[in-house]
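**Student:**
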Amino acid sequence: MTESSPAQGNNLDPWYDSYAARTAGLAASEVRALFAVASRPEVVSLAGGMPYVSALPQELVTGAMDKVMAERGPVALQYGSGQGVPALREQILEVMALEGIRGSADDVVVTTGSQHALELFSKLFIDPGDVVIAEGPSYVTAMVIFNSYQADVDHVPMDEHGLIPGALREHIARLKTVGRRIKFLYTIPTFHNPAGVTLTWERRLEILEICKSEGILVLEDNPYGLLYFGDRPPAAMRSIEEEGVVYLGTFSKTLAPGFRLGWALAPHAIREKLILANEAAVLSPSSFTQLVVSEYLSQADWRGQIDTFRGVYRERKETMLAALQEHLPELSWTNPNGGFYVWLTLPESLDSKAMLPRAVKELVAYTPGTAFYADGNGRQNIRLSFCYPTPDQIRVGIRRLANVIGGELDLLETFAGTGELSQLRMGRGAFPPSDLR
Ligand SMILES: Cc1ncc(COP(=O)(O)O)c(C=O)c1O
1 MTESSPAQGN NLDPWYDSYA ARTAGLAASE VRALFAVASR PEVVSLAGGM
51 PYVSALPQEL VTGAMDKVMA ERGPVALQYG SGQGVPALRE QILEVMALEG
101 IRGSADDVVV TTGSQHALEL FSKLFIDPGD VVIAEGPSYV TAMVIFNSYQ
151 ADVDHVPMDE HGLIPGALRE HIARLKTVGR RIKFLYTIPT FHNPAGVTLT
201 WERRLEILEI CKSEGILVLE DNPYGLLYFG DRPPAAMRSI EEEGVVYLGT
251 FSKTLAPGFR LGWALAPHAI REKLILANEA AVLSPSSFTQ LVVSEYLSQA
301 DWRGQIDTFR GVYRERKETM LAALQEHLPE LSWTNPNGGF YVWLTLPESL
351 DSKAMLPRAV KELVAYTPGT AFYADGNGRQ NIRLSFCYPT PDQIRVGIRR
401 LANVIGGELD LLETFAGTGE LSQLRMGRGA FPPSDLR
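The sequence shown lines up with residues 1 to 437 when you count with UniProt numbering.
1) Report whether the distance from the Cβ of residue 198 to the nearest heavy atom of ligand 1 is below 7 angstroms.
2) Do three or more CB pairs link the region 369-382 to the region 296-314 at distances below 8 angstroms?
3) Counting only runs that start and end within the region 156-243, where is the beta strand (DSSP E) found for 3 or more residues in a row?
4) Hey, which residues come within less than 5 angstroms of ligand 1, measuring from Cβ to any heavy atom, in chain order?
5) Should residue 433 go down as buried or exposed, given a rule of 16 or more other Cβ atoms within 10 Å for buried?
6) So, helix, strand or coil for residue 431, using DSSP?
7) For residue 222 and residue 189, what's the separation of their Cα atoms in angstroms?
8) Can you tell me whether residue 369 is helix, strand or coil according to DSSP?
9) How far does the beta strand (DSSP E) with residue 383 in it extend, from its first residue to its last?
10) Return the residue from the list 57, 24, 280 that minimises the CA-CA distance to residue 304.
11) Return yes when the Cβ of residue 248 is within less than 8 angstroms of the Cβ of residue 262, no when it is not.
12) Along the chain, where does the beta strand (DSSP E) that runs through residue 134 open and close?
13) Decide yes or no for the touch test of the region 205-217 against the region 164-176: beta carbon pairs closer than 8 angstroms, at least 3 of them.
14) Keeping to the same chain, check which residues put their C-beta closer than 7 angstroms to that of residue 425; ignore five residues upstream and five downstream.
15) Given a cut-off of 8 angstroms, decide if residue 76 and residue 291 are closer than it, judged by their beta-carbon atoms.
16) Please report how far the alpha carbon of residue 278 lies from the alpha carbon of residue 120, in whole angstroms.
17) Since residue 51 and residue 257 are thought to touch, with beta carbons under 8 angstroms apart, how far apart are those beta carbons, to the nearest angstrom?
18) In three-state DSSP terms, what is residue 79?
19) Pick helix, strand or coil for residue 252, following the three-state DSSP scheme.
20) Per DSSP, which residues does residue 450 bridge with? Please list them.
21) What is the residue span of the beta strand (DSSP E) that residue 262 lies within?
22) Can you tell me whether residue 319 is buried or exposed? The criterion is at least 16 other CB atoms within 10 Å of its CB, across all chains shown.
23) Using C-beta distances below 7 angstroms, list every residue in its chain close to residue 328, excluding the 5 sequence neighbours before and after it, in chain order.
24) So, under 8 angstroms CB-CB, residue 374 and residue 116 are touching, yes? Tell me the CB distance rounded to an integer number of Å.
25) For residue 92, which residues from the same chain have a beta carbon less than 6 angstroms from its beta carbon, with the 5 sequence-adjacent residues on both sides left out?
26) Just reading off the alpha helix (DSSP H) that residue 414 is part of, what are its end residues?
27) Return the first residue and the last residue of the beta strand (DSSP E) that residue 282 is part of.
28) Please state if the CB of residue 315 and the CB of residue 389 are separated by a distance shorter than 8 angstroms.
29) Can you tell me whether residue 280 is buried or exposed, with buried defined as 16 or more other CB within 10 angstroms of its CB?
30) Where residue 84 and residue 186 are concerned, what is the direct C-alpha to C-alpha distance, given to the nearest angstrom?
31) How about the region 336-356 and the region 291-300: do they share at least three Cβ pairs that are nearer than 8 angstroms?
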């Protein structure tokens, strides 16, 4: 093709050659592809991170909507400020105070879900070839954004106490030695998606210290912090450090994702740029949903409602762990103290991605660990979500999953003679019989 000739494209897409280079990173995530399959009613989906919105009394939302329309209809239906409604920003401070954060409503920028805050932040900070450090594994759709801005994601390992500070130090040193530019650390310290673990208080201090001394900005993403099942988790990292942390929050998990309302709390200079980027992207976040949520927060017992959600998710988590213990006792998994996810480790010989079609055939869906790594790792892991399915569905789903895993191990033993199955079965009976549906 000459410089002046039009794009040739291909049979499927005549504009194939015209897309910007950055779109190469915009691959459909494995989670997205799964949603289509897993939404069939006969499939028990342990895949998505959808909150159980049915636990939210609808009349509370309807009441807030009616009141907004009756009293402030013309404002609700109009464009608004690029930073968000001032009254809502004040209320967001109350929400964040529950996690130890003190800030000014001036430094809050309301966004279309925290997903949009991730997008805006990435737009502000990432140049092609920059490095974003993230936990390994990390939130899949954040990595899609980082990739779309042509960053390389460098995964730092975690353990049951969260990101490992020593490993972070090593990664930073290695990246700097080879001349890479590190733009920020993206972290989900509390009830991690997908690993379900929580960064300890001591590690929060240590990681902030490392980032401060290395001049690395921290992007703290915290959708799940208020959904704890027992003791409160450690206070947010933003409660310790103000200048070096941009904090992201959302109403998606504590209220409902359909509002598409999240926010960023950022140091002044970054906040200014975030507002400009927000205006450039959407002019203003939805006035209607901001006013409805603001009304809900001022009228309803929202703290009590979050308590109700905690009870729902605690029961589901306990059901999931009990079912894992019953059907897959040889495997290991994380025990989250809050949030939505359990991270399951499979026997070495299994591949969670390759096993997925068989699982869906057996009417259970999960997210393979590979979705949560930018570098192809995670084949030995599965993310199980307990947020949406009922306890009965969770029990059925885990039973089906155990059958699938048992079947895969049987196959391997038959054809490869690994002996892994007999090792795994030592100390307990065989996997459950195949027809448990
Ligand atoms: C870690 C994390 N960050 C951000 C989001 C995006 O949330 P929302 O855009 O609904 O606020 C999610 C959603 O699941 C998430 O798990």
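For each residue, glycine too, the CB sits at the ideal point set by N, CA and C.
Keep in mind the model is a prediction, meaning the values are calculated, not measured.
**Tutor:** Let me lay it out:
1) For the purposes of this step, residue 198 is taken as residue 198 along the sequence shown, with counting starting at 1. No, since every heavy atom of ligand 1 falls outside the 7 angstroms radius drawn around the Cβ of residue 198.
2) no
3) 182-187, 217-221
4) 49, 113, 114, 115, 139, 188, 193, 221, 223, 250, 252, 257, 262
5) On the sequence shown, residue 433 is found 433 positions in, with the first residue counted as 1. For residue 433, the predicted structure reports a pLDDT of 30, less than 50, and the residue's modelled location is therefore unreliable. The matter cannot be settled from this model.
6) Counted from its first residue, the sequence shown places residue 431 at position 431. Because the pLDDT of residue 431 is 28, which lies under 50, any placement of that residue in the model is unreliable, and the number read from its coordinates should be weighed accordingly. Correct three-state label for residue 431: coil.
7) Residue 222 sits at position 222 when you count from the first residue of the sequence shown. Residue 189 sits at position 189 when you count from the first residue of the sequence shown. Distance between the alpha carbons of residue 222 and residue 189 is about 7 angstroms.
8) Here the question's residue 369 lines up with position 369 in the sequence shown. Residue state, collapsed to three classes: helix.
9) Translated into the one-based positions of the sequence shown, residue 383 becomes position 383. Segment 381-385, the beta strand (DSSP E) holding residue 383.
10) As a position in the sequence shown, residue 304 is number 304, starting the count at 1. Cα-wise, what sits closest to residue 304 is 57.
11) One-based indexing of the sequence shown puts residue 262 at position 262. One-based indexing of the sequence shown puts residue 248 at position 248. Yes, they are a contact pair.
12) Position 134 of the sequence shown, counting from 1, holds the residue named residue 134. That run of the beta strand (DSSP E) goes 131-136.
13) yes
14) Stepping through the sequence shown from its first residue, residue 425 is reached at position 425. Model confidence at residue 425 stands at a pLDDT of 48, short of 50, so the residue's coordinates are unreliable; what they give is reported in the following sentence. Closer than 7 angstroms at Cβ, skipping near neighbours: no residue.
15) Residue mapping note: residue 291 aligns to position 291 of the sequence shown, counting from 1. Residue mapping note: residue 76 aligns to position 76 of the sequence shown, counting from 1. Yes, the pair counts as a contact, with Cβ atoms nearer than the cut-off.
16) For the purposes of this step, residue 278 is taken as the residue at position 278 of the sequence shown. For the purposes of this step, residue 120 is taken as the residue at position 120 of the sequence shown. Rounded to whole angstroms, residue 278 to residue 120 spans 7 angstroms at the Cα level.
17) Position 51 of the sequence shown holds residue 51. Position 257 of the sequence shown holds residue 257. Rounded, the Cβ-Cβ distance is 6 angstroms, consistent with contact.
18) Position 79 of the sequence shown holds residue 79. Looking at residue 79 - three-state DSSP - the assignment turns out to be coil, as it is neither helix nor strand.
19) The sequence position of residue 252 within the sequence shown is 252, counting from 1. Residue state, collapsed to three classes: coil.
20) No statement about residue 450 is possible, as the shown extent of the chain runs from 1 to 437 and does not include it.
21) Position 262 of the sequence shown holds residue 262. Unbroken beta strand (DSSP E) run through residue 262: 262-265.
22) As a first step, residue 319 is located in the sequence shown; it is residue number 319 there, counting from the start. Classification for residue 319: buried.
23) Counted from its first residue, the sequence shown places residue 328 at position 328. Correct list, in chain order: 402, 405.
24) Taking the first residue of the sequence shown as position 1, residue 374 is located at position 374. Taking the first residue of the sequence shown as position 1, residue 116 is located at position 116. With a Cβ gap of about 21 angstroms, residue 374 and residue 116 do not count as contacting.
25) Translated into the one-based positions of the sequence shown, residue 92 becomes position 92. Counting only Cβ-Cβ distances below 6 angstroms, and skipping sequence neighbours, we find 108, 263.
26) The count along the sequence shown starts at 1 and reaches residue 414 at position 414. Taken as a continuous stretch (DSSP letters only), the alpha helix (DSSP H) holding residue 414 covers 391-416.
27) Here the question's residue 282 lines up with position 282 in the sequence shown. Unbroken run through residue 282 is the alpha helix (DSSP H), 268-282; no beta strand (DSSP E).
28) Numbered from its first residue, the sequence shown carries residue 389 at position 389. Numbered from its first residue, the sequence shown carries residue 315 at position 315. Not a contact, by the Cβ cut-off of 8 angstroms.
29) Mapped onto the sequence shown, residue 280 falls at position 280. Residue 280 comes out exposed.
30) Position 84 of the sequence shown, counting from 1, holds the residue named residue 84. Position 186 of the sequence shown, counting from 1, holds the residue named residue 186. Looking at the two C-alpha atoms, the distance is approximately 24 angstroms.
31) no
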